[in-house]
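Below is one structure; the comments refer to it alone.
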Amino acid sequence: MPSGVLDVLWTAVFLVGIALALYCLLTIHRSPYFSEVQKLKWLLFTLALPFLGPIAWILRSRAEKREAAQRPSPDTQNTQPPSNDAP
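So in our numbering, the last spot in the sequence shown is 224, and the numbers never skip.
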């Protein structure tokens, strides 16, 4: 491969890594599913491992969203329609 192609390839890989890191920084900060300590751990993990960290975060946050959607909300757990058995 010519040197110019490798330069473009490495630049693209570097820019994808930067974009993933920025995306994860924003989504970690805004995530309602994790505590502040968990967010800090994910932030450090994402910054320490530039490609593995963001990919792991994206997969974990999607799994957490699915789990949260399956859990019943506390407002609707014990609500039953009123019965018409009253005299």
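Don't be surprised by glycine CBs; every beta carbon is placed ideally from N, CA and C.
Treat the numbers as computed from the prediction; the structure is a model and nothing was measured.
**Request:** Output the distance between the C-alpha atoms of Phe188 and Phe171, rounded to the nearest integer angstrom.
**Result:** Just so you know, the alpha carbons of Phe188 and Phe171 end up roughly 21 Å apart.
**Prompt:** Would you call the stretch 151 to 165 and the stretch 190 to 202 in contact, with 3 or more CB pairs under 8 Å?
**Reply:** At 8 Å Cβ cutoff, the stretches touch.
**Message:** Helix, strand or coil, according to DSSP, for Tyr160 in the structure here?
**Reply:** Taken through DSSP and simplified to helix, strand or coil, Tyr160 comes out as helix.
**Item:** Alpha carbon of Ala156 to alpha carbon of Leu146, nearest angstrom
**Value:** Going by the C-alpha atoms only, they are around 15 Å apart.
**Asked** How big is the Cα-Cα spacing for Arg208 and Gly141?
**Response** Straight-line Cα distance between these residues: approximately 52 Å.
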